[in-house]
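Read through the structure below, which is laid out as structure tokens, and then see the notes.
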Amino acid sequence: MSEANHLRGSFETFYSVTRPRIFRAVALVLGNSDVALDATEEAMTRAAERWGDVGRYDNPAGWVYRVALNWARTHLRQLAREGDGLKFEPGYEQSLPDPELIDAVMALPTKYRAVIVARFFLDWPVEETARVLEIPEGTVKTRTHRALKRLRMAIEE
Amino acid sequence: MSLEQKLRDNLEAAGRALIVPETKRAPLPKPARGWSHGLRFALAGAATVVVLAVPALILLSGGTSPDDRGASITPSTGDVESTGGDTSLPPTSATLKPDTTIIVESQVVIDEITFGDYRLTLTASRLDEEEPPTATVSMRVTSKDDGEIIDEAVVGSPAGFFWFTLTGSDAVCEFKSELAPEGAEVSVQLLLSPSLGCSEQYRFGLSAGELTPAPQSPDEVARQFVGAWEAGDQELMSELAEAQAITQVEVVPVPVKPMFSHCEGAAGSSYCTFEVSGGELVVRVRNEPPGLVTELIFVPD
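Protein chains in written order, with the numbering used here: chain Z, 36 to 192; chain B, 25 to 325.
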């Protein structure tokens with residue numbers, strides 16, 4: 036197998052395994068399934084175009100997560116008008132242990148949600164979250180602390 | 025059960041319940057520099073080559089960063105491929121070597137100031153999709169000591185400025201920082217166009233290196249919130265309002281052609297009224313800092 040074919044095969048595996056998780060993470064951050072789909076597809080396409088480099092990173096999914104969020108940030112103004120919030124399976128409310136907590140998460144500023152989703156949905160440690168989002172570890176800790184404080188206040192109200 | 029564990033469980037459940045759509049396009053590797061990309065970014069490439077002559081104004085970064093933005097250029101061929109989007113790579117230097125692909129961003133640093141331990145940099149990022157080309161301006165806070173990025177915020181609206189105006193002379197009407205009770209207050213005004221003049225003043229609080237929008241008065245908060253709501257800028261809305269008000273957005277009609285009427289103060293809050301299509305929108309804003317929107321009331325005609 037040539038190197039090109041090997042890389043291409045690797046990307047297809049990466050795509051099929053990672054796409055649903057990254058889409059869900061991006062949707063939870065953006066609060067919008069339509070925008071998340073566009074952002075994830077755009078980021079995946081860019082990953083495919085440069086899979087020779089991206090495929091060698093320690094965390095290619097982190098690269099896609101970051102690119103998707105950055106792309107969405109740039110295009111959010113026009114896309115938000117087209118989107119229609121999060122799209123859940125019918126009856127999803129029954130599957131949530133604490134719907135109020137999710138409501139409170141969705142009310143957080145996006146930059147806090149990007150950290151919260153990376154830490155508690157994607158299960159990345161502080162240093163990995165900092166590396167992926169390209170912010171200092173101290174900022175990850177601060178945003179996590181502030182977000183948890185807000186969430187605690189919201190569910191105690 | 026700890027809040028962290030509750031959060032994990034709920035995010036997992038919410039994520040599982042999300043409908044994952046079928047792929048919209050096949051994300052298979054494409055030729056590195058296809059015809060459409062080359063054509064699409066021919067003009068951007070020309071602009072980039074021009075600004076290469078002013079290296080101090082251009083952000084260059086290595087092509088192997090786990091990031092993606094700007095335009096990549098292969099010096100040996102001059103091919104340029106924009107990858108758009110991202111605005112938050114740290115400015116680094118790079119040298120042009122034969123057969124080395126580097127990232128050349130469609131970004132220009134338009135001004136920079138320092139305050140205490142921090143360096144504040146205004147960067148314009150070009151959006152090629154629009155004609156005339158527009159730009160999003162971001163303000164980045166970095167440590168003066170080691171250049172570490174601490175925070176970044178969009179100035180004004182995304183795509184809210186004209187690229188060629190920002191990259192021309194006298195683009196910055198005001199960019200200054202002043203001591204405030206908690207840290208500093210940073211104010212920015214940018215040139216919209218020579219005929220339109222300067223933009224409104226955008227103010228940010230700067231505390232421990234983190235930026236927060238710093239609206240001046242309840243009516244400014246209300247105006248910004250309603251403007252963000254109309255534009256669908258959910259991030260700005262979240263920063264200007266308490267969670268309770270954000271949840272009310274779901275049940276109150278999106279303001280159409282809102283016209284600010286007046287604000288009245290009562291019991292620690294200001295009630296700011298906007299005339300909107302179909303009635304009046306009353307935005308309640310807490311008077312005490314940070315002056316967040318606390319309630320939305322829609323009064324139909």
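The beta carbon of each residue, even a glycine, is placed where N, CA and C say it ideally should be. Nothing here was measured: the structure is a model prediction, and the numbers come from that model.
Excluding its 5 nearest sequence neighbours in each direction, B:K200 has C-beta neighbours in its own chain below 8 Å: I137, V210, S211, listed in chain order. When only Cα atoms are considered, B:F139 and B:D33 end up about 42 Å apart. Assigned with DSSP and collapsed to three states, Z:I190 falls in helix. Among the residues facing chain B, Z:Y100 is not included, as its CB has no counterpart in that chain under 8 Å away. With respect to chain Z, the C-beta atom of B:A38 has a partner C-beta closer than 8 Å.
Within chain Z, the residues F123, E124, Y127, S130 have their CB atoms less than 7 Å from the CB of B:A41, given in chain order. The contact set of Z:P171 on chain B, defined by CB atoms closer than 8 Å, consists of E172, I173, I174 in chain order. By the neighbour-count definition (other C-beta atoms within 10 Å, threshold 16), B:L220 is an exposed residue. Less than 8 Å separates the beta-carbon of B:V309 from that of B:S294.
Interface residue (Cβ-Cβ distance to chain B less than 8 Å): Z:V152 is classified as such. Taking every protein chain shown into account, the CB of Z:V99 has 16 or more other CB atoms within 10 angstroms, so this residue is buried. Between the alpha carbons of B:G303 and B:V323 lies a gap of roughly 6 Å. Restricting attention to Z:F49, Z:A60, Z:E191, Z:S51, the CA atom closest to the CA of Z:R154 is found in Z:A60. In this chain, B:T191 is not harboured by any beta strand (DSSP E), its DSSP state being neither H nor E. Z:P160 is outside the set of residues whose beta carbon lies under 8 Å from a beta carbon in chain B. Using a Cβ distance threshold of 8 Å, Z:F123 and B:A41 count as a contacting pair. For B:M25, no alpha helix (DSSP H) run applies, since DSSP gives it neither H nor E.
By the Cβ neighbour-count rule, B:G192 is exposed, with fewer than 16 other Cβ atoms within 10 Å of its own. Residues of chain B whose Cβ lies closer than 9 Å to the Cβ of Z:T174 are, in chain order, I173, I174, D175, G233, E234. Apart from the 5 residues on each side of it in sequence, B:E224 has no Cβ closer than 6 Å to any other Cβ in its chain. Checking the DSSP bridge columns, you'll see B:K200 partnered with B:S211. For B:F139, DSSP records a beta bridge to B:Y142. When secondary structure is reduced to three states using DSSP, Z:R85 falls in the coil class, being assigned neither helix nor strand. Residues of chain B with a Cβ closer than 7 Å to the Cβ of Z:F58 are, in chain order, V44. When the five nearest sequence neighbours on each side are left out, the beta carbons in the same chain lying within less than 6 Å of the beta carbon of B:A148 are those of V132, I134, A159, V161, L190, in order along the chain.
Note on geometry: alpha-carbon atoms of B:L215 and B:A267 lie some 34 Å from one another. Contact annotation: in the region 243-272 of chain B, residues whose CB is within less than 7 Å of a CB in chain Z are A255, G256, D257, Q258, E259, S262, E263, A267, I270, T271. For B:E254, the enclosing alpha helix (DSSP H) has its first and last residue at 242-255.
Z:P134 sits in a helix when the DSSP states are folded into three classes. The Cβ of B:N311 sits no closer than 8 Å to any Cβ of chain Z. Interface annotation, B:E28: in contact with chain Z, CB-CB separation under 8 Å. Shown here for B:L316: same chain residues with a beta carbon closer than 8 Å to its own, the five before and five after excluded, namely V245, L264, A265, E266, A269, V309, R310 in chain order.
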